[in-house]
Amino acid sequence: MKEVKVGLIGFGTVGQGVVKLLRENREDLSARIGGKISLAGVADTDWKRPRKVSLEKKLRLKNAEQLIRDPQVKIIIELAGNFPGVKEMIIDALKAGKWVVTANKALLAKFGDEIFSAAKKHNSEIYFGASVAGGIPILRVLREGLCANRVQSIYGIVNGTCNYILTRMQEAGLDYSSALREAQEKGYAESNPDADVEGIDASHKLAILIRLGFGLNLPLEKIFRRGISRLSHLDLQAASELGYRIKLLAIARESNGLLEARVHPTLVPEESLLASVRGVYNAVYVQGNFVGPTLFYGQGAGMDPTASAVMSDVMELARNLIQGRPAGRIKPEGYETLNPHRLKLRPMDDLIGPYYLRAWVKDQPGVLAKIAGILGKHMISINSVIQREVRDGKSVPIIIITHQALEKNIQKAVREINNLKVVLNPLQLIRIATELE
Ligand SMILES: NC(=O)c1ccc[n+]([C@@H]2O[C@H](COP(=O)([O-])OP(=O)(O)OC[C@H]3O[C@@H](n4cnc5c(N)ncnc54)[C@H](OP(=O)(O)O)[C@@H]3O)[C@@H](O)[C@H]2O)c1
Numbered sequence: 000m001k002e003v004k005v006g007l008i009g010f011g012t013v014g015q016g017v018v019k020l021l022r023e024n025r026e027d028l029s030a031r032i033g034g035k036i037s038l039a040g041v042a043d044t045d046w047k048r049p050r051k052v053s054l055e056k057k058l059r060l061k062n063a064e065q066l067i068r069d070p071q072v073k074i075i076i077e078l079a080g081n082f083p084g085v086k087e088m089i090i091d092a093l094k095a096g097k098w099v100v101t102a103n104k105a106l107l108a109k110f111g112d113e114i115f116s117a118a119k120k121h122n123s124e125i126y127f128g129a130s131v132a133g134g135i136p137i138l139r140v141l142r143e144g145l146c147a148n149r150v151q152s153i154y155g156i157v158n159g160t161c162n163y164i165l166t167r168m169q170e171a172g173l174d175y176s177s178a179l180r181e182a183q184e185k186g187y188a189e190s191n192p193d194a195d196v197e198g199i200d201a202s203h204k205l206a207i208l209i210r211l212g213f214g215l216n217l218p219l220e221k222i223f224r225r226g227i228s229r230l231s232h233l234d235l236q237a238a239s240e241l242g243y244r245i246k247l248l249a250i251a252r253e254s255n256g257l258l259e260a261r262v263h264p265t266l267v268p269e270e271s272l273l274a275s276v277r278g279v280y281n282a283v284y285v286q287g288n289f290v291g292p293t294l295f296y297g298q299g300a301g302m303d304p305t306a307s308a309v310m311s312d313v314m315e316l317a318r319n320l321i322q323g324r325p326a327g328r329i330k331p332e333g334y335e336t337l338n339p340h341r342l343k344l345r346p347m348d349d350l351i352g353p354y355y356l357r358a359w360v361k362d363q364p365g366v367l368a369k370i371a372g373i374l375g376k377h378m379i380s381i382n383s384v385i386q387r388e389v390r391d392g393k394s395v396p397i398i399i400i401t402h403q404a405l406e407k408n409i410q411k412a413v414r415e416i417n418n419l420k421v422v423l424n425p426l427q428l429i430r431i432a433t434e435l436e
């Protein structure tokens with residue numbers, strides 16, 4: 000039986016999952032690829048830390064270089080995360096003729112061009128299926144399963160931490176900080192949660208989804224981004240009363256040659272499939288021009304689901320090595336010609352849709368009329384209003400759902416409303432995705 004030797008860099012959460020999967024599914028893997036995948040060694044900077052998965056002493060290495068320089072090793076699996084020098088290390092491995100598998104979304108979102116060019120230049124391969132939505136093989140779906148389609152839109156719940164926090168705020172009535180604390184206690188959120196709750200991680204994943212869905216290399220700074228940290232329990236509750244759930248969505252949508260690329264909290268109709276995605280689960284909705292709407296659901300992170308995605312890439316590469324197939328049969332983006340439709344970015348100002356607005360105002364007559372007057376002046380019409388009972392005798396929340404409006408007009412109106420003396424806190428603005436099924 001032919002053997003493919005792999006070297007693993009990083010024995011953390013996902014690295015341990017990979018070793019566990021290699022052990023537990025060894026026979027299935029061999030039966031599927033017609034060969035054996037064997038571990039040449041695992042490099043990690045710290046071997047003192049206790050691990051959930053055991054590893055023979057002889058496989059423990061201190062230095063990744065050893066694996067990259069080993070001529071026997073054909074595939075390098077990089078699961079060390081974003082340490083300084085990781086980009087150079089991956090490029091070095093590609094230069095040395097290794098085929099590389101990584102789950103490092105932050106790195107690919109920032110330096111995808113450089114890394115993909117290095118793979119091409121050195122006639123090598125880079126696979127990264129675990130970098131978006133963990134166990135859901137959404138990148139393989141875009142690159143292969145749906146490749147006959149022109150993708151029209153992608154809506155993703157791609158950050159399990161945010162989805163957990165929003166689910167708990169909605170279902171258990173927790174405020175944002177209690178839900179975040181709970182997520183941290185359960186190991187779903189980092190002690191510094193900014194990358195998740197400010198939508199940074201989701202924007203990295205959106206950049207990668209756009210590459211594979213639209214064949215477009217969009218710089219990260221072009222993606223509009225808002226996080227969930229300003230949402231209050233009241234927003235989740237009011238959305239629910241109005242027939243919506245609030246989700247942090249990563250959205251890429253094409254119309255008339257223009258692409259929207261945005262990450263922000265979004266009101267989705269409660270009967271839509273994405274609304275029912277709870278807890279740490281992820282889901283990606285893709286609309287193709289022939290296939291129509293499709294939805295992919297599963298665990299977006301964690302030791303086992305992420306190892307499943309990493310090993311699926313390793314198996315694909317090992318299969319190609321065993322069968323003597325050359326590198327580069329499919330480009331990392333799945334496109335031989337990038338940006339074939341010459342898409343340009345739609346400026347956020349030009350976005351059109353309904354909006355949710357929530358204001359805390361002084362409890363006095365005429366306030367709603369003032370706000371409605373400003374909205375009217377900017378050609379924004381009101382669809383519905385909820386005015387809550389007074390709690391402290393001084394302030395009261397007003398919640399407004401608008402009809403379709405232009406983002407530029409909404410922003411101008413919000414600035415004007417925020418300047419009213421009767422408005423006590425900056426207005427909450429949440430975009431609504433009514434087009435979701
Ligand atoms: N965790 C998930 O569910 C998940 C899901 C999707 C994608 N990913 C991605 O997968 C990658 C790994 O994530 P993870 O959660 O497994 O990270 P992790 O638990 O922090 O593990 C990373 C491991 O690599 C080690 N390491 C750091 N620098 C190294 C170096 N220069 N050489 C060798 N080892 C080094 C770390 O050691 P120290 O602890 O000593 O630094 C740690 O043991 C990341 O890019 C992440 O974004 C993770």
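So for the sequence shown, numbering that gives the first Met the number 0 puts the first residue at 0; every next one is plus one. For glycine and all other residues, C-beta sits at the position ideal for the given N, C-alpha and C.
- With distances taken from CA atoms, which of Lys185, Lys47 and Gly291 is nearest Glu436? For Glu436, the nearest C-alpha among the options comes from Gly291.
- Exposed or buried, what is Asn281 when buried is set at 16 or more other beta-carbons lying within 10 Å of its beta-carbon? Of the residues assessed, Asn281 falls on the buried side of the cut-off, its CB having 16 or more other CB atoms within 10 angstroms.
- Task: Kindly examine ligand 1 and report whether one of its heavy atoms sits closer than 6 Å to the Cβ of Asn103.
- Result: Answer for Asn103: yes, Cβ within range of ligand 1.
- Message: Is it the case that the stretch 135–142 contacts the stretch 231–244, given that we only count it when at least three CB pairs across the two stretches are under 8 Å?
- Response: The stretch 231–244 vs the stretch 135–142: no contact.
- Item | Beta-carbon gap between Lys97 and Ile76 smaller than 7 Å | Using a Cβ distance threshold of 7 Å, Lys97 and Ile76 do not count as a contacting pair.
- Query: Are the Cβ atoms of Ser130 and Ile207 separated by less than 7 Å?
  - Reply: Yes, the pair counts as a contact, with Cβ atoms nearer than the cut-off.
- Determine, using beta-carbon pairs with one atom in the stretch 201–220 and one in the stretch 95–109, whether at least three such pairs fall under 8 Å. Cβ pair count under 8 Å is three or more, so yes.
- Message: Count Cβ pairs between the stretch 417–434 and the stretch 345–358 that sit closer than 8 Å; are there 3 or more?
- Response: These segments touch.
- If you check the beta carbons only, do Thr166 and Ala188 fall under 7 Å apart? No, they are not a contact pair.
- Count the C-beta pairs between the stretch 172–188 and the stretch 248–260 that are closer than 8 Å, then say yes if the count reaches three, no if not. Verdict: no, contact absent.
- Mind checking which residues open and close the alpha helix (DSSP H) that includes Pro304? According to the DSSP assignment, Pro304 belongs to the alpha helix (DSSP H) that extends over Met302 to Ile321.
- In terms of residue numbering, what span does the alpha helix (DSSP H) encompassing Gln65 cover? DSSP places Gln65 inside the alpha helix (DSSP H), whose first and last residues are Glu64 to Arg68.
- Item | Coarse secondary structure for Ile8, derived from DSSP in three states | Assigned with DSSP and collapsed to three states, Ile8 falls in strand.
- Message: Starting from Leu379, trace the beta strand (DSSP E) in both directions and tell me its first and last residue.
- Response: First, the amino acid is wrong: residue 379 is Ile here, not Leu. Looking at the DSSP string, Ile379 is not in any beta strand (DSSP E), and its letter there is neither H nor E.
- Item | Any 3 or more C-beta pairs closer than 8 Å across the stretch 17–29 and the stretch 62–75 | By the Cβ test, the stretch 17–29 is not in contact with the stretch 62–75, since fewer than three Cβ pairs between them sit closer than 8 Å.
- With hydrogens ignored, establish whether the beta-carbon of Thr305 is closer than 6 Å to any heavy atom of ligand 1. With a cut-off of 6 Å, the C-beta of Thr305 is classified as near ligand 1, since at least one heavy atom of the ligand falls inside that distance.
- Message: My parser needs the beta strand (DSSP E) runs of 3 or more residues fully inside the stretch 81–129; what are they?
- Response: Taking only runs of at least 3 residues, the beta strand (DSSP E) segments lying wholly in the stretch 81–129 are 98–101.
- Item | C-beta atoms of Val360 and Val285 nearer than 7 Å | No, Cβ-Cβ distance for Val360 and Val285 is not below 7 Å.
- Query: Buried or exposed: where does His203 fall if 16 or more other Cβ atoms within 10 Å of its Cβ makes it buried?
  - Reply: It counts as buried.
- Query: How about the stretch 402–409 and the stretch 365–382: do they share at least three Cβ pairs that are nearer than 8 Å?
  - Reply: The stretch 402–409, when compared against the stretch 365–382, does touch it at the 8 Å Cβ threshold.
- Is the beta carbon of Ile397 less than 7 Å from the beta carbon of Gln410? Cβ distance not < 7 Å, so Ile397 and Gln410 don't count as in contact.
- In the DSSP assignment, find the alpha helix (DSSP H) that holds Lys411 and state where it starts and stops. Start and end: Glu406 to Asn417.
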